[in-house]
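Contents: one structure, followed by commentary.
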Amino acid sequence: MNKTIRRASVFCLLLVLALLVRVTWVQAYQGQALADDKNNRRNLIGQYENPLGNIIVGGEAITGSVETGGKDFGYKRTYTDGPLYAPVTGYSSQAFGTSMLEGVYKDVLNGSDSRLKTMMDVLTNKRAAPGNVLTTIDRDVQKAGYDALQGKQGAAVAIDPATGRILGVVNNPSFDPGRITGANDTQAWTELSADKGKALENVALRKPQAPGSTFKLVTLAAAIENGLVTDIDAPTGVQAPYTIPGTRTDLRSEAPAEMCNNVSSRVALRLSCNNVFAEFAHRLGQDKMRAMAEKLGFNTQIDTPVRTNPPSSYPSKKMSVDQVAQTGIGQFDVQATPLQMAMVTAAIENGGRLVAPHMVSEVTDANGNVLESFKDPKAQQVMKEKTASMLRDAMRTVVSEGGGKPAQVGGAEVGGKTGTAQRGVNNSIAPLAWFTSYGTSNGRQIAVAVVVERSDTDRSEIGGGKLAAPVAQKMMEAWLKK
5 MNKTIRRASV
15 FCLLLVLALL
25 VRVTWVQAYQ
35 GQALADDKNN
45 RRNLIGQYEN
55 PLGNIIVGGE
65 AITGSVETGG
75 KDFGYKRTYT
85 DGPLYAPVTG
95 YSSQAFGTSM
105 LEGVYKDVLN
115 GSDSRLKTMM
125 DVLTNKRAAP
135 GNVLTTIDRD
145 VQKAGYDALQ
155 GKQGAAVAID
165 PATGRILGVV
175 NNPSFDPGRI
185 TGANDTQAWT
195 ELSADKGKAL
205 ENVALRKPQA
215 PGSTFKLVTL
225 AAAIENGLVT
235 DIDAPTGVQA
245 PYTIPGTRTD
255 LRSEAPAEMC
265 NNVSSRVALR
275 LSCNNVFAEF
285 AHRLGQDKMR
295 AMAEKLGFNT
305 QIDTPVRTNP
315 PSSYPSKKMS
325 VDQVAQTGIG
335 QFDVQATPLQ
345 MAMVTAAIEN
355 GGRLVAPHMV
365 SEVTDANGNV
375 LESFKDPKAQ
385 QVMKEKTASM
395 LRDAMRTVVS
405 EGGGKPAQVG
415 GAEVGGKTGT
425 AQRGVNNSIA
435 PLAWFTSYGT
445 SNGRQIAVAV
455 VVERSDTDRS
465 EIGGGKLAAP
475 VAQKMMEAWL
485 KK
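Residue numbering for the sequence shown follows our numbering, starting at 5 and increasing by one per position.
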């Protein structure tokens with residue numbers, strides 16, 4: 005063999021060896037990573053090769069699957085009452101991915117979760133039969149909130165205070181996730197993404213905004229817990245007119261100044277006297293106010309299991325005295341979702357004990373075997389039982405004598421707090437109308453928080469009692485009258 009042929013043979017042998025080494029490396033070390041890569045289209049095809057598992061409300065599936073007749077995807081997702089449950093289910097789209105519960109439990113619902121595999125599935129490397137997600141949502145509460153929000157832009161959340169079960173999550177506008185389940189639904193996606201994606205926005209869980217006067221419940225809780233208030237019927241000593249500390253600016257309330265002058269905490273809550281709660285926050289200081297807010301869930305990402313991102317917040321950065329005072333009335337940089345304000349009210353109704361809110365009770369395999377259970381959620385005593393009792397007492401007055409009258413439910417004990425939050429430079433944007441409340445009757449209890457962002461109501465008539473309280477009333481009634 006001449007020298008040239010020998011060199012060519014050695015070179016070819018080295019190329020073969022390099023190829024074998026590369027193949028071995030890919031198979032042994034990179035195979036799983038490549039298989040799991042998000043850009044691997046085979047994974048996406050595999051997700052929709054068979055019918056998906058279902059999301060369950062009240063024992064009935066609100067999702068399904070239908071054959072596509074296409075080459076790549078054998079099935080696509082379908083929804084029953086899609087707009088009603090969209091804030092809960094989210095969407096499962098062949099083109100645009102997944103969101104909400106569809107996203108959190110994607111692997112369970114498409115059968116790729118390792119917990120679903122039988123021994124035969126492991127041996128044959130076959131995709132397992134998909135599992136199901138059982139929610140805590142109550143069909144009647146959800147429908148009541150959805151219907152009551154028609155004609156308004158806003159959101160609502162309802163919680164069972166004793167168990168932490170989320171009974172309703174409602175958004176309006178909503179969307180039909182069934183419109184974007186296929187591989188070629190670009191036009192529908194473009195339409196839903198218009199107007200900064202408001203239709204796809206989960207306001208109830210993921211859009212913190214100024215909570216306005218509903219935050220006065222947190223301020224009053226902090227005042228009681230820290231000994232600033234010991235009797236809700238004793239005069240507070242706070243004068244009106246009232247100048248914001250550190251400024252020359254008078255802080256006005258909806259009620260005339262003379263009605264808010266040196267009033268009790270009960271009257272201040274009923275009339276929503278800004279002077280009283282701003283002064284409470286000023287006297288307590290930023291640290292004590294923040295501590296109370298954080299006990300109730302502010303500055304924490306809440307997993308329901310859909311994550312609240314960004315979380316509701318009370319400012320952590322150092323504030324001036326006037327800014328601290330403004331936080332006492334739910335303004336400045338205080339931000340909250342309806343979920344967060346429902347949590348505040350739930351803790352008050354539940355004797356100061358906050359149970360972790362959750363919208364899933366169980367995750368099961370195809371045979372009903374439980375993979376995850378949320379029936380024993382974490383709970384924490386966030387305020388004294390006496391504090392919670394005093395707050396409930398004051399909240400009942402808001403509903404029986406104040407702006408919360410539209411939230412009354414016949415035969416039930418109901419307490420609440422109205423709120424109107426200013427927005428924009430010099431209040432250039434229509435204010436938010438808030439209402440948060442609790443109701444209890446015949447051993448049942450519920451906490452509801454509602455925000456109305458926009459409606460056809462004249463700006464001068466915007467208020468939590470007029471716009472948001474009727475929505476809360478319908479949701480509480482649906483649960484308490486069962």
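All C-beta atoms in this analysis are idealised placements derived from N, C-alpha and C, irrespective of residue type, glycine included.
{"Item": "For Thr-234, does the count of other Cβ atoms within 10 angstroms reach 16, so buried, or fall short, so exposed?", "Value": "exposed"}
{"Item": "Using 8 angstroms as the Cβ pair cut-off and three pairs as the minimum, do the region 348-367 and the region 316-324 touch?", "Value": "no"}
{"Item": "Tell me where the alpha helix (DSSP H) around Ser-69 begins and ends.", "Value": "From DSSP, Ser-69 is part of no alpha helix (DSSP H) but of the beta strand (DSSP E) over 67-71."}
{"Item": "Decide yes or no for the touch test of the region 133-149 against the region 388-401: beta carbon pairs closer than 8 angstroms, at least 3 of them.", "Value": "no"}
{"Item": "Taking the alpha helix (DSSP H) that Arg-396 belongs to, which residues open and close that run?", "Value": "389-405"}
{"Item": "Going by the DSSP bridge assignment, what does Leu-209 pair with across the sheet?", "Value": "DSSP lists no partner for Leu-209."}
{"Item": "Here's a check: name, in chain order, each residue in its chain whose Cβ is nearer than 6 angstroms to the Cβ of Lys-121, leaving out the five neighbours to either side.", "Value": "Ala-132"}
{"Item": "Check Ser-316 in the structure and name its three-state DSSP category.", "Value": "coil"}
{"Item": "Which residue wins for smallest C-alpha separation from Ala-152, given the options Leu-24, Leu-375, Ala-476, Leu-484?", "Value": "Ala-476"}
{"Item": "Determine the closest residue to Asn-313 out of Gln-213, Ser-269, Val-367, Arg-252, with distance taken between C-alpha atoms.", "Value": "Gln-213"}
{"Item": "By DSSP, does Asp-180 sit in helix, in strand, or in coil?", "Value": "coil"}
{"Item": "Using CA atoms only, rank isn't needed, just tell me which of Ser-268, Ser-324, Gly-356, Val-92 is closest to Gln-243.", "Value": "Ser-268"}
{"Item": "Cutting at 6 angstroms between CB atoms, please list the residues of its own chain near Gln-51, excluding the five before and the five after it.", "Value": "Asn-114"}
{"Item": "Here's the rule: buried if 16 or more other CB atoms are within 10 angstroms of the residue's CB, otherwise exposed. What is Lys-211?", "Value": "buried"}
{"Item": "For Ala-473 and Thr-422, which I take to be in contact (beta-carbon distance under 8 angstroms), what is that distance rounded to the nearest angstrom?", "Value": "7 angstroms"}
{"Item": "Looking only at DSSP bridge pairs, what is Tyr-79 linked to?", "Value": "Glu-71"}
{"Item": "By Cβ distance below 7 angstroms, which residues in the same chain neighbour Asn-230 in space, the five residues on each side in sequence not counted?", "Value": "Leu-288, Lys-292"}
{"Item": "Determine contact between the region 355-372 and the region 159-177, defined as no fewer than three beta-carbon pairs at a distance below 8 angstroms.", "Value": "yes"}
{"Item": "Can you give the Cα-Cα distance for Leu-375 and Leu-18, rounded to whole angstroms?", "Value": "51 angstroms"}
{"Item": "Can you tell me whether Tyr-188 is buried or exposed, with buried defined as 16 or more other CB within 10 angstroms of its CB?", "Value": "Reading off the sequence, residue 188 comes out as Asn, not Tyr. Asn-188 comes out exposed."}
{"Item": "Which of the three DSSP states, helix, strand or coil, is assigned to Ala-295?", "Value": "helix"}
{"Item": "Tell me, to the nearest whole angstrom, how far the beta carbon of Ala-346 is from that of Val-174; I am working on the premise that it is less than 8 angstroms.", "Value": "That belief does not hold up - the Cβ atoms of Ala-346 and Val-174 are roughly 12 angstroms apart, past 8 angstroms."}
{"Item": "Ends of the beta strand (DSSP E) at Gln-191?", "Value": "Looking at the DSSP string, Gln-191 is not in any beta strand (DSSP E); the run it does join, the alpha helix (DSSP H), is 190-201."}
{"Item": "Taking the straight line between their C-alpha atoms, what separation do you get for Thr-194 and Thr-72?", "Value": "22 angstroms"}
{"Item": "Just the Cα atoms here: how many angstroms apart are Asp-307 and Ala-434?", "Value": "31 angstroms"}
{"Item": "Asn-136 lies in the beta strand (DSSP E); which residues open and close that run?", "Value": "136-139"}
{"Item": "Nearest by alpha-carbon distance to Tyr-442: which of Pro-91, Leu-436, Leu-484, Gly-407 is it?", "Value": "Leu-484"}
{"Item": "Under the assumption that Pro-134 contacts Ala-370 (Cβ atoms under 8 angstroms), give the Cβ distance between them as a whole number of angstroms.", "Value": "6 angstroms"}
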